[in-house]
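Step one of this worksheet: look at the structure below.
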Amino acid sequence: MYAQPDLPHTTSEGADATFGSVDHALGNPGIRRKNHKLILQAASEAFAVTGFTATHSHEIAERAGLPKANLYYYFQTKENLYVQVLMSFIEPLVRASAALRKSDDPIVGLRAYVKARIRIIREHPFSAAVFSQELLSGGKRLPEVCKSMLQEEARRNVACLRNWIEDGRLAPCDPEHLMIFIWSATRTYTNLAWQMSQLRGVAIPDKLDFDRATRTVTQMVLGGVLPVKQTAVTPP
C-alpha cells in the first residue's frame, strides 16, 4: 500500500461554511463511507467535464446531493478533493501495471498489461479523464508522491521489457518507447472515447467495444515486438 499524499488542512472557497449543516449521521461509519464515495464520484465527474479551476465546490455538492459543508468535513479543501480524485485512479492503475511482470512469458505479460490498463480506464472513466487532463497540463497539481509512484512503476516495467529484449524473447526495440506506445494506445480510450462512439455508431462505448479494443491493441503490440518466428499470434 502506498502512502497517501500529505494534504494541507487549510480552507478554500466557501471556507466559512458552517459544519452545523453537516448530516447528523456522520458518526455512522456506513454513512461516512457512502458520503465519501458520493462526493468522490461527483467530483470526478465535475472535474472531468469542467476542469479544476472552473469547478466550484457547490457544483460538486449538488451532483452528490449533499450539503456543501460535507465536502469540507471530508476533504477540507477543493484542492484536497482533486488530489483524492487523482489518487482514486492512480492507485488502481499502478496495481494493474504490475500485471506485466507476473509472468516470465512476454506474450502472457503484455496481454495481461494491455487488458489491465484498458479495464482500469473503463472502470474509472471520469477519474481517468481527470488524470489525463492533469498530465496534458504539465502535472502542476500532481503531488510528488503520485509522481514517484508512477515513475517507480514505469521503471520496473521498462526494466522487465529490457530484460525480455536482451534475452531475445522480444524483438530489438527501445523499451521506453514501447512503454510509451502502450500507454498512448490504451489511454486513447479515455481521451477520445467520443471518437470510438462515432466510429461504432453508439452513444457510449460498451464492454464489447472495450473487449475489441483490448484484442486489437494486444495484436498490434505483439505483432510488432515478438521475434519473427513468433509473430503469428492470434489474440485470445
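To convert, note that position 11 of the sequence shown is 11 in full-length UniProt numbering; the numbers rise steadily by one, no gaps.
C-beta: ideal position from N, C-alpha, C; glycine also.
Buried or exposed by the 16-neighbour rule on C-beta atoms within 10 Å, applied to L208: exposed
inquiry  = Between the region 211-227 and the region 104-115, can you find at least three pairs of beta-carbon atoms closer than 8 Å?
reply    = yes
Practice item. Pick helix, strand or coil for G30, following the three-state DSSP scheme. Key: helix
Q. In chain order, which continuous runs of the alpha helix (DSSP H) of length 4 or greater are located wholly inside the UniProt domain "HTH tetR-type" (33-93)?
A. 57-64 and 68-75
Within a Cβ cutoff of 7 Å, which residues of the same chain sit near V85, ignoring the five residues on either side of it in sequence? L40, A43, S44, F47, S127 and V130
query = Since A210 and I118 are thought to touch, with beta carbons under 8 Å apart, how far apart are those beta carbons, to the nearest angstrom?
reply = According to the sequence shown, residue 210 is Phe rather than Ala. At roughly 6 Å, the Cβ-Cβ gap stays under 8 Å, so F210 and I118 are in contact.
Notebook entry, point to check: Taking all protein chains shown into account, do 16 or more other C-beta atoms lie within 10 angstroms of the C-beta of L136, making it buried, or fewer, making it exposed?
Noted result: exposed
Tell me the residue span of the alpha helix (DSSP H) that contains V228.
Neither: V228 is in no alpha helix (DSSP H) and is coded neither H nor E.
>> Using the three-state DSSP reduction, which class does H124 fall into: helix, strand or coil?
In response: coil
- request: Below 6 Å CB to CB, which residues in the same chain sit around L38 once its five sequence neighbours on both sides are set aside?
  value: A64
>> Here's the rule: buried if 16 or more other CB atoms are within 10 angstroms of the residue's CB, otherwise exposed. What is K78?
In response: buried
DSSP on L142, reduced to helix/strand/coil?
coil
Which class does S148 belong to by DSSP, given the choice of helix, strand or coil? helix
Would you mind giving the Cβ-Cβ distance between F75 and R141, rounded to the nearest angstrom? I have them listed as a contact below 8 Å.
Not really, about 14 Å apart at Cβ, beyond 8 Å.
Exercise. In chain order, what residues of the same chain have a beta carbon less than 7 Å from the beta carbon of V114, not counting five sequence neighbours either side?
Worked result: I182, T186, T214, V217, T218 and V221
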